[in-house]
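Residue numbers (full-length UniProt numbering), protein chains in the order written: chain F, 1 to 455; chain Z, 1 to 455. For reference, the structure is listed below as structure tokens.
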């Protein structure tokens, strides 16, 4: 059987391709994981197209790997077992905006920046901000979060309902349009973060938020990375409803200045943002200023101008590119552990020291308000020693995080890179997850080889 | 086989009983559903006790119904198929408070008031507030919420991790101690709201919050129930971060005044609360005052005194008792639909009118910030016509809610009373839920007869 021709017969010539360039484009994501080309790329344009393709693939036991914007960092979109890469790019429209309900229903292919452009007209925004211009479907599939999660939560907190095509072609809705429900099992949260292994998302209803009446951004620098994180912990336990609180270490600031032509002082820094009404924000800012100055901070700088604020956050978000574009011949391994806040200072300090111990170059940065941080670790993919060191560094960091009650991935997902830690993190619960996967996808056609050891 | 003696042999004489009074005490909850006595009541004192009892019950296909505080409103704790009522009352301790992580780990039997008494010492509180002094285990099992959900979310938003004993005796952890995670499937949310049908919770780790620096309560009255709900919707869409916003109709206010010896004006009212810093709250209060006065509100009254505030909310929370204790010979059917905010004004008005159409007595009240409201419907359980009218009223209200994209239960859960609506609400997704139930509990020993039609 010729897979390409079968798909053409099934959904139409214009919705499947074996064009070399397009196959290559769907062979990888933004991670360091090895690229693998699919046999075919499919471009469904409707839920019905998705149903046809999935049903066909299930009959013939052909792998299907959903593809959104390709901005993933753990290889979720890489078709490591070949088969069909299902691009959702043609399912990128807004189905319905309901400003009075503070909800929007979208197709999975739409990216978050395009969505927020549309929402601006209504004075609304969607707050989950992973930095990259990811697709909403991909963000749901990995339970993405990012800089605003400390205030607004993660994807799982922001999704009311999804339309999902199951491996056997059945279509279900996982929630409702009500803001809360205690009716039946919560399928929403089971599918969110399932990384394409349980079903294909074809519609997603999101909660929206009013653009805050007043926003103040601030940054401050610290003599040590430890005092940086201690301050963040102090601000959180003081109960100040911070909207963003980001750690960027001196090494990363240097890279930002180089790439984004900024001139931030090249010291360990916190970038902070406040959302609320003006008087409330000003009181919170004063409180935070007092806390960080107690902790030895200097250069406490405000940013109320919205353009300058956007510039500041863009610089922070471009960090991954700041490293990757500056070192085209090196790969970046991005770690993603998340730990209880009280353990954050010690593990961040440990991480910074480990980089030096291993003689590895990289930046430490992250969403310290959630206990989640990343190491952008530079290594030479041609050098076996370098690869070994990077992997060893990552393994030791994850073991540390798990020992203190944390997780191997706060927001990037398991994909390929975190499979090795699933048994250690979840124990018997991993067997339960495996049995759920088998229940939903007995032929293992939905993104096979992801999340589960030897699936 | 004598079940009682077998349990005594298994866990010890002091941990099982067939005492008539105790059996009767475990035959019902606070709902209108018919009471059924269990064959035995078991009092496990550890996870190991629970494992032993569950494993034994699974071998011999004996129903197990977990029992917390008995404050449920849909019969979840009623052992309708007899067997074992498993009281968690002896597993009611705080395992560990971690103020620096803003988390606490508890056993399921502890009640929320006892927990909050302990947390006060640390300047912390647990915000999920269903009114009744429910057990944390029961609140997790029904995904309870209540008056503070509009600001702090529901149980599902507040639980980091649970220890759960499965039907086959395996023990799993459903999450981690990290504030967020993208590792594996989200078992937390699958078990939360599963009403004892998937496993028995033996440990629960909750997120905590700092007691707000400043709290202001307010109440205001409206000429019509419609303007009441319109105002709530306007406040929400204005993006004001309200902490509580409760509708109490004139009929309910009358009952509150009678039962709680308060003297609130007997008109349709909103009870509101603001959490934050002082200047922020004051600015929000002014904004809200302006909105509600535009909507024709009068009697806008503040309450900053914490005792008076507590008194106000206690009156609101005692509403169910205010009706039940005043009409000892009548039963109360409490409806629990939740709809998109924009549909709330029309459905609340519809509900108030339906009461008159049917000539039924009852109050309309609820968590209008979430689109969730209740009808405390009085009926005579000895009068078949009255019963028929009450059920008809409830069925029509749920159909209305489902038609506009809502749910049959916002916070009480399915239990017995909402089973009849599961197929209509979930469609094909109900088949998926049923297959998950069969996967976890093939012998159907865990709270059989709940949630699922003819299970």
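In this text, a Cβ means the ideal position worked out from N, Cα and C, and glycines have one as well.
Quick one: which chain F residues come within Cβ less than 7 Å of residue 432/Z?
At a C-beta separation below 7 Å, residue 432/Z has these neighbours in chain F: 172 and 187.
Could you please tell me which residues of the segment 91-103 of chain Z, in chain order, have their CB closer than 8 Å to any CB of chain F?
Listed in sequence order: 98, 99, 100, 101, 102 and 103.
Rounded to the nearest angstrom, how far is the Cβ of residue 371/Z from that of residue 98/F, given a contact under 8 Å?
Not really, about 12 Å apart at Cβ, beyond 8 Å.
Can you pull out the residues from the segment 146-179 of chain Z whose beta carbon lies closer than 8 Å to at least one beta carbon of chain F?
Closer than 8 Å at the C-beta level to chain F, one finds these residues of the segment 146-179 of chain Z: 149, 153, 154, 156, 157, 166, 170, 171, 172, 173, 174, 176, 177, 178 and 179.
If you compare alpha carbons, which of 78/Z, 389/Z and 74/Z is closest to residue 25/Z?
Minimum Cα distance to residue 25/Z is reached at 78/Z.
Taking only the alpha-carbon atoms, compute the straight-line gap between residue 87/Z and residue 195/Z and give it to the nearest angstrom.
For residue 87/Z and residue 195/Z, the distance between alpha carbons rounds to 14 Å.
Just confirm the distance between the C-beta atoms of residue 193/Z and residue 32/F, as a whole number of angstroms; I'd bet it's less than 8 Å.
About 39 Å separates the CB atoms of residue 193/Z and residue 32/F; that is not less than 8 Å, and the two are not in contact.
Kindly list the residues whose CB is nearer than 6 Å to the CB of residue 272/Z, restricted to its own chain and excluding five residues on each side of it in sequence; keep chain order.
Within the same chain, residue 272/Z has close Cβ partners 218 and 245.
Element boundaries [beta strand (DSSP E), containing residue 165/Z]:
Where residue 165/Z is concerned, the enclosing beta strand (DSSP E) stretches over 159-165.
Run through the segment 42-100 of chain F for me and flag every whole alpha helix (DSSP H) of 4 or more residues, listed as ranges in chain order.
List check, alpha helix (DSSP H) in window: 47-59.
For residue 429/Z, which residues in chain F fall below 8 Å Cβ to Cβ?
Within chain F, the residues near residue 429/Z are 172, 173, 174, 184 and 187.
Do residue 276/F and residue 212/F come within 9 Å of each other at the CB atom, strictly closer than that value?
Against a cut-off of 9 Å, the Cβ pair of residue 276/F and residue 212/F comes out as a contact.
With 16 as the cutoff for other CB atoms within 10 Å, does residue 1/F come out buried or exposed?
By the neighbour-count rule (16 or more Cβ atoms within 10 Å), residue 1/F is not buried but exposed.
Buried or exposed (CB count within 10 angstroms, at least 16 for buried), residue 197/Z
Around the C-beta of residue 197/Z, 16 or more other C-beta atoms lie within 10 Å, and the residue is accordingly described as buried.
At 7 Å on the CB atoms, spell out the chain Z contacts of residue 407/F, in chain order.
Neighbours of residue 407/F in chain Z, taken as residues whose beta carbon is under 7 Å from its own, are 176, 178, 181 and 183 in chain order.
For residue 298/F, go through chain Z and note every residue whose CB falls closer than 7 Å to its CB, in chain order.
None at all; the shortest Cβ gap to chain Z is about 25 Å.
Are any of the Cβ atoms in chain F nearer than 9 Å to that of residue 422/Z?
Any Cβ of chain F closer than 9 Å to the Cβ of residue 422/Z would place that residue at the interface, and such an atom is present.
Give the range of the alpha helix (DSSP H) segment to which residue 122/Z is assigned.
Neither: residue 122/Z is in no alpha helix (DSSP H) and is coded neither H nor E.
Leaving out five residues before and five after residue 165/Z in sequence, what residues of the same chain have Cβ atoms less than 7 Å from its Cβ?
Excluding sequence neighbours, residue 165/Z sits near 47, 50, 51, 54, 171, 199, 200 and 202.
What residues from chain Z crowd round residue 270/F, counting only those whose CB sits closer than 9 Å?
The premise fails here: residue 270/F is roughly 18 Å from chain Z at the closest Cβ pair, so nothing lies under 9 Å.
Given a limit of 8 Å on CB to CB distance, which residues of the segment 218-249 of chain F reach chain Z?
So the close ones are 233, 236, 237, 238, 239 and 241.
Does residue 301/F pass the burial test, meaning 16 or more other C-beta atoms within 10 Å, or should it be called exposed?
Exposed, by the Cβ-count rule.
Residue range of the unbroken beta strand (DSSP E) whose run includes residue 205/F
Run containing residue 205/F: 200-207, per the beta strand (DSSP E) assignment.
Quick one: does residue 198/Z have its CB under 9 Å from some CB of chain F?
It does: the Cβ of residue 198/Z has a partner Cβ on chain F nearer than 9 Å.
DSSP state of residue 317/Z, grouped into three classes?
In this structure, DSSP gives residue 317/Z a helical state, which the three-state scheme calls helix.
Residues, ordered as in the chain, of the segment 370-385 of chain Z that lie near chain F by beta-carbon distance below 7 Å
Taken in chain order, the members of the segment 370-385 of chain Z whose beta-carbon sits within less than 7 Å of a beta-carbon on chain F are 370, 371 and 372.
Let me check one thing: in DSSP terms, what residues is residue 429/Z bridge-paired to?
None, per the DSSP bridge assignment.
Let me check understanding here. Comparing Cα to Cα, which of 257/Z, 21/Z, 28/Z and 167/Z lies closest to residue 444/Z?
When each option's Cα is compared against that of residue 444/Z, the closest is 167/Z.
Hey, out of 133/F, 163/F, 183/F and 126/F, whose CA is closest to residue 157/F's CA?
Taking only the C-alpha atoms, the option nearest residue 157/F is 126/F.
Does residue 146/F pass the burial test, meaning 16 or more other C-beta atoms within 10 Å, or should it be called exposed?
The residue is buried, with at least 16 neighbouring Cβ atoms inside 10 Å.
Listed by chain order, chain F residues near residue 411/Z by CB distance under 8 Å
Those are 180 and 182, listed as they occur along chain F.
Check whether the Cβ atoms of residue 208/F and residue 119/F sit closer than 9 Å, and answer yes or no.
Result yes, Cβ atoms of residue 208/F and residue 119/F sit closer than 9 Å.
If we call anything under 9 Å between Cβ atoms a contact, is residue 280/F one with residue 281/Z?
Contact: yes.
Taking C-alpha atoms, which residue in 316/Z, 407/Z and 340/Z lies nearest to residue 250/Z?
Checking every option, the nearest Cα to that of residue 250/Z belongs to 316/Z.
Indicate whether the contact test is met: 3 or more Cβ pairs, each with one atom in the segment 149-163 of chain Z and one in the segment 382-394 of chain F, closer than 8 Å.
Taking a cut-off of 8 Å for Cβ pairs, the segment 149-163 of chain Z and the segment 382-394 of chain F do not touch, as fewer than three such pairs fall below it.
Can you tell me where the beta strand (DSSP E) with residue 170/F in it begins and where it stops?
Per DSSP, residue 170/F belongs to no beta strand (DSSP E) and is neither H nor E.
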